[in-house]
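Q: Can you read through this structure? Questions will come right after.
2 protein chains.
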Amino acid sequence: MTDVDRVHAANQLFYIAHEGRDIEAMTAIWEHSDRVVCVHPGWPILRGWDDVLQSWVSIFRGPGQSQFILTNESISTKGDIAWVTLDENLVDGNGATTIAATNLFVRDHEGEWKLVTHHGSPVINR
Amino acid sequence: MTDVDRVHAANQLFYIAHEGRDIEAMTAIWEHSDRVVCVHPGWPILRGWDDVLQSWVSIFRGPGQSQFILTNESISTKGDIAWVTLDENLVDGNGATTIAATNLFVRDHEGEWKLVTHHGSPVINR
Numbered sequence: 001m002t003d004v005d006r007v008h009a010a011n012q013l014f015y016i017a018h019e020g021r022d023i024e025a026m027t028a029i030w031e032h033s034d035r036v037v038c039v040h041p042g043w044p045i046l047r048g049w050d051d052v053l054q055s056w057v058s059i060f061r062g063p064g065q066s067q068f069i070l071t072n073e074s075i076s077t078k079g080d081i082a083w084v085t086l087d088e089n090l091v092d093g094n095g096a097t098t099i100a101a102t103n104l105f106v107r108d109h110e111g112e113w114k115l116v117t118h119h120g121s122p123v124i125n126r
Numbered sequence: 127m128t129d130v131d132r133v134h135a136a137n138q139l140f141y142i143a144h145e146g147r148d149i150e151a152m153t154a155i156w157e158h159s160d161r162v163v164c165v166h167p168g169w170p171i172l173r174g175w176d177d178v179l180q181s182w183v184s185i186f187r188g189p190g191q192s193q194f195i196l197t198n199e200s201i202s203t204k205g206d207i208a209w210v211t212l213d214e215n216l217v218d219g220n221g222a223t224t225i226a227a228t229n230l231f232v233r234d235h236e237g238e239w240k241l242v243t244h245h246g247s248p249v250i251n252r
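Okay, structure coming up:
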């Protein structure tokens, strides 16, 4: 497996955790540090693992169920950093919407890629 | 100057170029490669320097004038990669709005920090 393969797999795990509303799997994919950042679509910046975790707990408890169709993925790596950009195509009762996402991963001491930044933003049809 | 100081300075240059609608300064701050990514607020993902440049040309030709008040800045670095998250507070005739932004920089062979990813998203007041 190349670095890109591993980052792709880590990125997939993030969305599997999200779709499954699995807080344990979501916890496993993130770095647990003060520097983690999460921007949910339309949300302000959340900083630090405590606040990021709380947001996922809240989202997973909320209504709705989302299924992602991931497209337009591009992965770049440099040293122990990797960044992924992709479209999250959300299918729910209201039809389909697209979220543009940037996910930044850092390779830890055990060689695992951990999420340090997730930024999602709604694409407004133009 | 530390790496963080230099990244902070590079990030400032990006916003100075934006405020000044200065396409030459904007060109200087970006890496010119296929891997660059830009997500303007509400826009789809733009990939590659040609499309990113074209978007700035289009934005700078458009109506309106924006003044940024930058707050909530946080900078992390690892090797030759740095990422900045911050709030872009936009003041214009319609009042103030906030854009959450993630900016990713790569240090080039000459030691200069070049922008490879800019992702901005509107914060919807909650």
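So the sequence lines, in the order shown, correspond to chains A and B. For the first sequence, our numbering assigns the number 1 to the initial residue and increments by one for each residue that follows. For the second sequence, our numbering assigns the number 127 to the initial residue and increments by one for each residue that follows. All C-beta atoms, glycine included, are put in the ideal place defined by N, C-alpha and C.
#1: If you measure beta-carbon to beta-carbon, which residues of the region 160-183 of chain B are closer than 8 Å to chain A?
#2: Output, in chain order, the set of chain A residues within a Cβ distance shorter than 8 Å of I207(B).
#3: Going along chain B in order, which residues have a C-beta closer than 9 Å to the C-beta of N72(A)?
#4: Using a threshold of 8 Å, state whether the C-beta atoms of I207(B) and I81(A) are closer than that.
#5: In angstroms with no decimal places, state the Cα-to-Cα distance between V116(A) and H18(A).
#6: What does the alpha-carbon distance come out to for the pair D34(A) and V52(A)?
#7: By Cβ distance below 6 Å, which residues in the same chain neighbour Q138(B) in space, the five residues on each side in sequence not counted?
#8: What did DSSP end up calling V91(A) once you bin it into helix, strand or coil?
#9: Between S200(B) and G221(B), what straight-line distance do the alpha-carbon atoms span, to the nearest angstrom?
#10: Could you name the residues of the same chain whose beta carbon sits closer than 8 Å to that of H158(B), not counting the 5 residues immediately before and after it, in chain order?
#11: Any idea what DSSP makes of I23(A), helix, strand or coil?
#12: Between which two residues does the beta strand (DSSP E) containing V242(B) stretch?
#13: Is the shortest distance between the beta-carbon of T97(A) and the beta-carbons of chain B less than 8 Å?
#14: Considering only their Cβ atoms, is the gap separating P167(B) from I250(B) smaller than 8 Å?
#15: Who are the Cβ neighbours of L212(B) in its own chain at under 6 Å, not counting the five residues just before and after it?
#16: Evaluate M152(B) with the Cβ neighbour count: other Cβ atoms within 10 Å of its Cβ, from every protein chain shown; 16 or more gives buried, anything less gives exposed.
#17: Check W175(B) in the structure and name its three-state DSSP category.
#18: Using only CA atoms, which one of S121(A), L90(A), G79(A), P122(A) lies nearest to H109(A)?
#19: Residue range of the beta strand (DSSP E) that T128(B) falls in?
A: In short, the structure shows the following:
#1: R161, V163, V165, P167, G168, W169, P170, I171, R173
#2: Translated into the one-based positions of the second sequence, residue 207(B) becomes position 81. Under the 8 Å cutoff, chain A gives K78, G79, I81.
#3: On the first sequence, residue 72(A) is found 72 positions in, with the first residue counted as 1. Those within 9 Å of N72(A) in chain B are P170, I171, R173.
#4: Indexing the second sequence from 1 puts residue 207(B) at position 81. Indexing the first sequence from 1 puts residue 81(A) at position 81. Yes. Within cutoff.
#5: The count along the first sequence starts at 1 and reaches residue 116(A) at position 116. The count along the first sequence starts at 1 and reaches residue 18(A) at position 18. One C-alpha to the other measures close to 16 Å.
#6: Residue 34(A) sits at position 34 when you count from the first residue of the first sequence. Residue 52(A) sits at position 52 when you count from the first residue of the first sequence. About 10 Å.
#7: Residue mapping note: residue 138(B) aligns to position 12 of the second sequence, counting from 1. Excluding sequence neighbours, Q138(B) sits near nothing in its chain.
#8: Walking along the first sequence from the start, residue 91(A) turns up at place 91. Note: V91(A) maps to strand in three-state DSSP.
#9: The residue given as residue 200(B) occupies position 74 in the second sequence. The residue given as residue 221(B) occupies position 95 in the second sequence. C-alpha separation (whole angstroms): 25 Å.
#10: Numbered from 1 along the second sequence, position 32 holds the residue referred to as residue 158(B). Cβ within range, chain order: W175.
#11: Position 23 of the first sequence, counted from the start, is the residue given in the question as residue 23(A). Of the three classes helix, strand and coil, the one that applies to I23(A) here is helix, per DSSP.
#12: Within the second sequence, residue 242(B) is the residue found at index 116, counting from 1. Segment 239-248, the beta strand (DSSP E) holding V242(B).
#13: As a first step, residue 97(A) is located in the first sequence; it is residue number 97 there, counting from the start. Not one chain B Cβ lies under 8 Å of T97(A).
#14: Taking the first residue of the second sequence as position 1, residue 250(B) is located at position 124. Taking the first residue of the second sequence as position 1, residue 167(B) is located at position 41. No.
#15: Here residue 212(B) corresponds to residue number 86 of the second sequence, with the count starting at 1. The answer, listed in chain order, is L196, N198, E199, A227.
#16: Sequence index remark: in the second sequence, residue 152(B) carries index 26 (1-based). Classification for M152(B): buried.
#17: By one-based count along the second sequence, residue 175(B) stands at place 49. W175(B): helix per DSSP, three-state reduction.
#18: Taking the first residue of the first sequence as 1, we reach residue 109(A) at position 109. Of the candidates S121(A), L90(A), G79(A), P122(A), the one whose C-alpha sits nearest the C-alpha of H109(A) is G79(A).
#19: The residue you call residue 128(B) lines up with position 2 of the second sequence. Unbroken run through T128(B): none, as it is neither H nor E.
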